[in-house]
Amino acid sequence: MERYNTFNIIHKGLRAALYQTALQLQQTDFTEEDQAEEALSRVKEIVLLFEGHAHKEDTFILPMINEYEPSVVAGFNAEHEKDEKLGIELNNAVKKVASSSTLPEKIVSGRELTESFVRFMVFNLEHMAKEEDIINKILWRYYSDDEIKAVSSQISANTPPWMQDFYAKWMLRGINNSEATVWIKAIEKGVPPVVFQTLLQKAERELPAKRFQKISQSLSLRMQTA
Numbered sequence: 330m331e332r333y334n335t336f337n338i339i340h341k342g343l344r345a346a347l348y349q350t351a352l353q354l355q356q357t358d359f360t361e362e363d364q365a366e367e368a369l370s371r372v373k374e375i376v377l378l379f380e381g382h383a384h385k386e387d388t389f390i391l392p393m394i395n396e397y398e399p400s401v402v403a404g405f406n407a408e409h410e411k412d413e414k415l416g417i418e419l420n421n422a423v424k425k426v427a428s429s430s431t432l433p434e435k436i437v438s439g440r441e442l443t444e445s446f447v448r449f450m451v452f453n454l455e456h457m458a459k460e461e462d463i464i465n466k467i468l469w470r471y472y473s474d475d476e477i478k479a480v481s482s483q484i485s486a487n488t489p490p491w492m493q494d495f496y497a498k499w500m501l502r503g504i505n506n507s508e509a510t511v512w513i514k515a516i517e518k519g520v521p522p523v524v525f526q527t528l529l530q531k532a533e534r535e536l537p538a539k540r541f542q543k544i545s546q547s548l549s550l551r552m553q554t555a
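Numbering (the working numbering), first residue to last: 330 to 555.
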């Protein structure tokens, strides 16, 4: 039986954010003010998302592991500290671009920002893959799916709505249709109708029309058979 993967949807969303931002940075002409501002805003959003995600793991996931495998937690704590340093480096690179005044300065600082982001991206891609391998196996060894899902619900409940909105955008962009259908349907059970409608509206904005249509059809079928 396939076990519940607490990281699946959030990590797909975070990877989508990294991939799209890396491409945006490659395409940005940092001598063009509007392009530079959009790129800087996106990078700051990414750092915020990853800081929030690491904090939730430190608060909710790693204590579950620490009870049985404390040495594993020590290793992941060290990685989170490195991730924090990379985030600081990235924010400093953003500030350098923002303070650049001459064209040569903008070109150089833009290139340095892109290089800093690549380091941040590579580290986090490897870090998330390691979590999905090592942490999931430990969770599955010592906890039931219901226990893991309960902690996932705690994480959602302790995430501010404005932050949930950021994560939802990238998760919708990063997951497949089946995952989106199951995820949206699960959310519907625990939120007021107005919140659910807001999520559907976000999905319609974020997804290509054909994808949204298929997901809407799948949701309708699930509602009929529920």
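Ideal Cβ placement from N, Cα and C applies to all residues, glycine included. Model, not experiment: these values are computed from the prediction.
Problem set entry | N- and C-terminal bounds of the alpha helix (DSSP H) containing leucine 536 | No alpha helix (DSSP H) holds leucine 536; DSSP gives it neither H nor E.
Exercise. By a C-beta neighbour count over all protein chains shown, 10 Å radius and 16 as the cutoff for buried, is asparagine 487 buried or exposed?
Worked result: Its Cβ having fewer than 16 others within 10 Å, asparagine 487 is exposed.
Problem set entry | Span separating the alpha-carbon of phenylalanine 405 from that of glutamate 461 | The alpha-carbon atoms of phenylalanine 405 and glutamate 461 are separated by roughly 12 angstroms.
For this session: Output the boundary residues of the alpha helix (DSSP H) element that contains aspartate 358.
Result: Segment: none, aspartate 358 is in no alpha helix (DSSP H) and carries neither H nor E.
For this session: Would you mind working out which of Met330, Ile338 and Arg332 sits nearest alanine 515, comparing C-alpha positions?
Result: Ile338
Exercise. Alpha carbon to alpha carbon, what distance is there between phenylalanine 495 and histidine 384?
Worked result: 16 angstroms
For this session: Could you pull the start and end residues of the alpha helix (DSSP H) that glycine 439 belongs to?
Result: Annotation: the continuous alpha helix (DSSP H) that includes glycine 439 extends over 432-459.
For this session: Would you mind reading off the limits of the alpha helix (DSSP H) that contains serine 473?
Result: Taken as a continuous stretch (DSSP letters only), serine 473 belongs to no alpha helix (DSSP H), as it is neither H nor E.
Exercise. Can you list, in chain order, the residues of its chain whose CB lies under 7 angstroms from that of arginine 371, leaving out five sequence neighbours each side?
Worked result: Thr350 and Gln353
Problem set entry | alpha helix (DSSP H) runs contained entirely in the segment 470-514, provided each spans 4 or more residues | 474-486 and 490-503
For this session: Give a yes or no on whether the C-beta atoms belonging to glycine 416 and valine 376 are separated by under 8 angstroms.
Result: yes
For this session: Just mark asparagine 453 as buried or exposed, buried being the case when its beta carbon has 16 or more other beta carbons within 10 Å.
Result: Buried, by the Cβ-count rule.
Exercise. How far does the alpha helix (DSSP H) with asparagine 406 in it reach, from first residue to last?
Worked result: Residues 399-428.
Problem set entry | Proximal residues to leucine 468 (C-beta, below 6 angstroms), its chain only, five neighbours per side dropped | Hits under 6 angstroms: Ile477.
Exercise. Are the beta-carbon atoms of isoleucine 436 and phenylalanine 336 separated by less than 8 angstroms?
Worked result: No, these two residues do not count as a Cβ contact at 8 angstroms.
Problem set entry | Candidates Phe541, Leu378 and Thr357, of which the one nearest leucine 369 by Cα | Closest option to leucine 369, Cα to Cα, is Thr357.
Problem set entry | Same chain, Cβ closer than 6 angstroms to glutamate 396, neighbours up to 5 away in sequence not counted | none
Exercise. Measuring CA to CA, which of Asp412, Ser473 and Glu367 is closest to serine 445?
Worked result: Measuring from the Cα of serine 445, the nearest candidate turns out to be Asp412.
Exercise. Helix, strand or coil for glutamate 517 per DSSP?
Worked result: helix
For this session: Alpha carbon to alpha carbon, how far is isoleucine 484 from leucine 391? Give it in angstroms, no decimals.
Result: 12 angstroms
For this session: Give the single residue among Arg440, Gln546, Ala427 and Glu508 whose Cα lies nearest to the Cα of aspartate 363.
Result: Ala427
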